[in-house]
Amino acid sequence: MSGLPYWLDPLVAPATPLPGDVSCDVVVVGAGLCGTSAALRLAQAGVDVRLLEARQVAMSATGRNAGFLLQGTCERYDRAVEIMGRDRARRIHSWTLDNHDRIAACIEEHGIECGYRRAGSLQLGGSALEDQELRVSAALLREDGFDAQLLEGDDVPQVFRGTGRQVAVHMVADGELDPARFVRGVAQAAQAAGATIHENTRVTSLDASAPGDVRVETEHGVVSASLVIVATNARASDLLPWFEGNVDPVRGQMLATAPLPRLFDRPIYANHGYDYWRQDEYGRVVLGGWRNLDADTEVGHAEVLNPRIQAKMRAFLEQFPWDQPLEITHQWSGIMGFSKDGLPLVGPAPSVAGAVVGTGFTGHGFGFAFLAGAALADLVLEGTHPFCDDLDPRRLS
Ligand SMILES: Cc1cc2nc3c(=O)[nH]c(=O)nc-3n(C[C@H](O)[C@H](O)[C@H](O)COP(=O)(O)OP(=O)(O)OC[C@H]3O[C@@H](n4cnc5c(N)ncnc54)[C@H](O)[C@@H]3O)c2cc1C
């Protein structure tokens, strides 16, 4: 079995590391979804931008997730309304649809082959309580103008009725993609627009106290720039200590199977969002979650397997009526940056005038981080973006 995430197998050859001391207008740290998006936007605006990545493009959370393009936050809509109020919940939800539209437009504009498909997702109930919560959530979503179709009884796909599920919500505007192929495509588009990318270049420290005079130190040299965009997600506090305790590293487990006959025609989210799976364009099942089984262990930066959770995920898949043996080809884990209030932190870096930051995407980074990167670029170029006003990190001060 491969030790690599399915999306990163095979790994591509790395871009060259930083060749020594250089200067540029803006330096971006971290080449996941957020950082590559920022670099693309800046390069398209004619900015001299360098993107520094400790590993390779998309090699951390971005290349280790399930490739769901979901609307909304990690909380179902009824909970989001309860926690943050109706207006804010509606606004944040709308941002995630904007993010999806931008991803779709980018795929189209740059011809990125990444298995993108927009056929919605399914939120699946698993108990009388969860079923009722889904009904409430779907009603609130529809009242607020979002396309959420409640499915009950015979409208629930047969494959789930066979396992006792009776209620689901079809979130019509959701989608799916191969996250690594997409973000590598974004990185290539950024390079084509003039950005320079250095992989295997870990930033060891930065001095960004004064805008216009930023110094970013790496293992291979120093980058001098006017401003730095920090897009290191779960590792934000390594470079910006304010984020210690505001963004925590949390591990998620994943697996992928060999191609199977199609049972699932769109991404599925179950057990309050803890469990999720889909079949990709080749029929492989990509499945993740079950973190609540061992929540105290599934923290920190180590990308290690949790045998208990992996066994549970396999057993779950075995309950479905496959007419061929189940072969698991890939097992992996990845690290998410969980923010203290469950929402991304995107905007000026608290108490560091020469840095802006996008982090804390929690479990739904593909719902936010592409827009976040572009919004950070706009913040640098124009001094403002309404997305950064809504998700300014300083709200946690
Ligand atoms: C198992 C799992 C399943 C998930 N499933 C989904 C899903 O289906 N849908 C969804 O919306 N979201 C999902 N997520 C969350 C989503 O993947 C992330 O929120 C998103 O990828 C975050 O993007 P990012 O660019 O902020 O972070 P990352 O992809 O983590 O990128 C940060 C980059 O910074 C680099 N870096 C860190 N420190 C340094 C340094 N000092 N110097 C240079 N570079 C550095 C890292 O190597 C990394 O490449 C999942 C995450 C995991 C782990």
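Residue 537 is where the sequence shown starts when you use the working numbering, and the numbers rise one by one after that.
Glycine included, each C-beta is placed from N, C-alpha and C at the ideal position.
Can you give the beta carbon distance from residue i to residue j, rounded, assuming they're within the 8 Å contact cut?
i: VAL564; j: LEU587; result: 5 Å
i: VAL703; j: GLU679; result: Actually they do not touch by this definition, with Cβ atoms about 19 Å apart.
i: PRO715; j: GLY603; result: 5 Å
i: LEU915; j: VAL892; result: 5 Å
i: GLY599; j: LEU554; result: So it is not a contact: roughly 21 Å between Cβ atoms.
i: GLY901; j: LEU633; result: 15 Å between Cβ atoms; not a contact.
i: LEU823; j: TRP813; result: 4 Å
i: GLY878; j: CYS610; result: 6 Å
i: PHE904; j: PHE897; result: 6 Å
i: SER933; j: PRO886; result: 6 Å
Give the DSSP bridge partners of residue i, in chain order.
i: SER741; result: GLU753
i: TRP813; result: ILE804 and LEU823
i: ALA874; result: In the sequence on display, residue 874 carries Phe and not Ala. DSSP output for PHE874 lists ASP784 as bridge partner(s).
i: ILE733; result: LEU587
i: SER657; result: MET707
i: ALA891; result: VAL764
i: GLU712; result: PHE604 and ARG653
i: ILE648; result: None, per the DSSP bridge assignment.
i: VAL563; result: ARG586 and VAL764
i: LEU686; result: VAL705
i: PRO884; result: VAL892
i: SER869; result: GLN789
i: ILE864; result: THR793
i: VAL835; result: VAL786
i: VAL758; result: GLU753
i: VAL558; result: VAL759
In chain order, what residues of the same chain have a beta carbon less than 6 Å from the beta carbon of residue i, not counting five sequence neighbours either side?
i: ILE643; result: TYR652
i: ALA579; result: VAL585, ALA726, ALA729, GLY730 and ALA731
i: ALA551; result: ILE733 and GLU735
i: ARG820; result: ALA792, THR793 and PRO795
i: VAL501; result: Here the chain has residues from 537 to 933 only, and residue 501 is not among them.
Skipping 5 residues on each side, what residues in its chain have a beta carbon closer than 7 Å to that of residue i?
i: ASP677; result: One detail in the question is off: residue 677 reads as Leu in this sequence, not Asp. TYR613 and ALA684.
i: TYR818; result: PRO795
i: GLY661; result: ASP667, LEU670, ARG701, GLN702, VAL703 and ALA704
i: PHE856; result: VAL695 and LEU799
For residue i, which residues of its own chain have a beta-carbon under 8 Å away from its beta-carbon, when the five flanking residues on both sides are left out?
i: ARG720; result: VAL548, VAL593 and ALA594
i: ARG827; result: VAL786, ARG787, GLY788, GLN789, TYR810, GLU834 and ILE845
Are at least three pairs of beta-carbons, each pair with one atom in the region 785-794 and one in the region 824-839, less than 8 Å apart? At 8 Å Cβ cutoff, the stretches touch.
Does the region 793-803 come close enough to the region 745-760 to have 3 or more Cβ pairs within less than 8 Å? Not touching, per the Cβ criterion.
Does the region 667-676 come close enough to the region 729-741 that 3 or more CB-CB pairs lie under 8 Å? Not touching, per the Cβ criterion.
Just checking, does the region 860-874 make contact with the region 917-925 on the three C-beta pairs under 8 Å criterion? Under the Cβ criterion (8 Å, minimum of three pairs), the region 860-874 does not count as touching the region 917-925.
Does the pairing of the region 772-783 with the region 619-636 give three or more beta-carbon distances under 8 Å? Short answer: they don't touch.
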